[in-house]
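K.L.:
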Amino acid sequence: MVLEETLLEIENMSKSFGGLQAVSELSFTVSRGEIKAIIGPNGAGKTTVFNLISGLQRPDQGQKRFRGKVFDGLPPHEIAALGIVRTFQIVQIFDNLTVCQNAMVGRHTRSKGEFWRSGVGLGGLRKEEESIHDGALRALEIVGLTSKKDEMAGNLPFGEEKLLEIARAMATEPELLMLDEPAAGLNEKETEDMAGIIKSIQELGVTILLVEHDMSLVMDISDDILVLNYGVKIAEGSPDSVRENPAVIEAYLGEDVDV
Ligand SMILES: Nc1ncnc2c1ncn2[C@@H]1O[C@H](COP(=O)(O)OP(=O)(O)O)[C@@H](O)[C@H]1O
Ligand SMILES: [Mg+2]
1 MVLEETLLEI ENMSKSFGGL QAVSELSFTV SRGEIKAIIG PNGAGKTTVF
51 NLISGLQRPD QGQKRFRGKV FDGLPPHEIA ALGIVRTFQI VQIFDNLTVC
101 QNAMVGRHTR SKGEFWRSGV GLGGLRKEEE SIHDGALRAL EIVGLTSKKD
151 EMAGNLPFGE EKLLEIARAM ATEPELLMLD EPAAGLNEKE TEDMAGIIKS
201 IQELGVTILL VEHDMSLVMD ISDDILVLNY GVKIAEGSPD SVRENPAVIE
251 AYLGEDVDV
């Protein structure tokens, strides 16, 4: 359910690499509960926007607010602790850990602070570990990987690696989940399943910012779409309005996609 409340607010954000303007004076908001997509041709600046929001890169200018509070300049782990968690375009899982252990890595990220503050004895430590384990299992359940929890992550087929990355992000119990091309490299059936999983995450009350190249997926599940081209916002609105926007069609000419 999309709420009136603005969860994330980006204002006048820019980033250049040498002479290349990757993101240019970009402003947009994400409402609590929505699936908002950022689309655009290759090199449009989508991943850079994710890097700037998640703190991996510093913008040249602009402001970021989450729940009304400015969070400019925070390092990635502190941004994650705020409840903003992302996945990567290229999957980053630990091949030599089990599926469950991979999901627990996300959970550990969240509980570290609480852990040291609590000054727990061994009993508390075990309890903490148990709760991390339970959280990881809940996250695996969401993406349908429960039956694979004890397998080595490196043995998973590609599509399930992508799901595991989402599970690891979900194990941190984010408020805002940022997915960078979750359907890239997936076949048609896997893409459909992915759409269902993203919708089910939204139904859990998590807000989603989605970068995705697969237009049918984007048009299917997004509440709102922002279109970038050469780092500039060229359109923003409902899937229907974006689909018919001449500037969007023009930007995609020559690309092998059906808008
Ligand atoms: N670290 C970097 N150094 C130099 N150029 C970069 C860097 N990251 C991205 N770029 C350039 O910025 C532009 C936007 O890239 P990116 O955000 O990855 O686009 P998208 O995700 O939309 O395909 C591209 O021209 C890309 O080559
Ligand atoms: Mg990208």
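Taking my numbering as reference, the numbering of the sequence shown is continuous, increasing by one, and the terminal residue is 259. For each residue, glycine too, the CB sits at the ideal point set by N, CA and C. Note that the structure is predicted; figures quoted are calculated from it, not measured.
Using alpha carbons as the reference points, say which of Lys189, Leu52 and Leu176 lies closest to Ser216.
P.N.:
Among Lys189, Leu52 and Leu176, the Cα nearest to that of Ser216 is on Lys189.
K.L.:
Could you tell me the alpha carbon to alpha carbon distance between Val99 and Ala247, rounded to whole angstroms?
P.N.:
Roughly 43 Å between the two C-alpha positions.
K.L.:
So Ile35 is in the beta strand (DSSP E); what residue range does that whole segment cover?
P.N.:
Here the beta strand (DSSP E) through Ile35 covers Ile35 to Ile39.
K.L.:
How far does the alpha helix (DSSP H) with Leu164 in it reach, from first residue to last?
P.N.:
Leu164 -> alpha helix (DSSP H) spans Phe158 to Met170.
K.L.:
Do three or more CB pairs link the segment 225–235 to the segment 184–203 at distances below 8 Å?
P.N.:
No, because fewer than three Cβ pairs between the segment 225–235 and the segment 184–203 fall closer than 8 Å, the two stretches do not touch.
K.L.:
What do you get for Leu253, buried or exposed, if any count of 16 or more other CB atoms within 10 angstroms of its CB means buried?
P.N.:
Classification for Leu253: exposed.
K.L.:
Decide if the segment 205–220 is in contact with the segment 29–48; the criterion is three or more beta carbon pairs, one per stretch, under 8 Å apart.
P.N.:
Cβ pair count under 8 Å is three or more, so yes.
K.L.:
Which whole runs of the alpha helix (DSSP H) in the segment 179–239 are 4 residues long or more, in chain order?
P.N.:
Entirely contained in the segment 179–239, the alpha helix (DSSP H) runs reaching 4 residues are, in chain order, 188–203 and 215–221.
K.L.:
CA-CA distance, Glu212 and Leu7?
P.N.:
So the two alpha carbons sit approximately 21 Å from each other.
K.L.:
To the nearest angstrom, how far is the alpha carbon of Lys15 from that of Leu56?
P.N.:
Distance between the alpha carbons of Lys15 and Leu56 is about 12 Å.
K.L.:
Return the first residue and the last residue of the alpha helix (DSSP H) that Lys46 is part of.
P.N.:
Lys46 to Ser54 is the span of the alpha helix (DSSP H), which, as asked, contains Lys46.
K.L.:
Hey, is Gly43 close to ligand 1, as in C-beta under 7 Å from one of its heavy atoms?
P.N.:
Result yes, Cβ under 7 Å from ligand 1.
K.L.:
Considering only residues of the same chain and omitting the five flanking positions on each side of Gly45, which have a CB-CB separation below 6 Å?
P.N.:
Here the set comprises Ala22, Val23, Leu228 and Gly231.
K.L.:
Does the pairing of the segment 151–159 with the segment 130–140 give three or more beta-carbon distances under 8 Å?
P.N.:
In short, these stretches do not touch, since the Cβ pair count stays below three.
K.L.:
Quick check on the DSSP output: the beta strand (DSSP E) that includes Glu9 runs from which residue to which?
P.N.:
Per DSSP, Glu9 belongs to the beta strand (DSSP E) from Thr6 to Phe17.
K.L.:
Would you kindly work out how many angstroms separate the C-alpha atoms of Asp60 and Asn12, rounded to a whole number?
P.N.:
Roughly 10 Å separates the two Cα atoms.
K.L.:
Taking the alpha carbon of Val2 as the reference point, which residue from Val30, Glu9, Leu20 and Phe17 has its own alpha carbon closest?
P.N.:
Looking at the Cα atoms, Val30 is the closest of the given residues.
K.L.:
Comparing the CB of Thr48 with every heavy atom of ligand 1, is any distance shorter than 7 Å?
P.N.:
Checking every heavy atom of ligand 1 against the Cβ of Thr48, one is found closer than 7 Å.
K.L.:
State the start and end residues of the unbroken beta strand (DSSP E) segment that holds Ala153.
P.N.:
Segment: none, Ala153 is in no beta strand (DSSP E) and carries neither H nor E.
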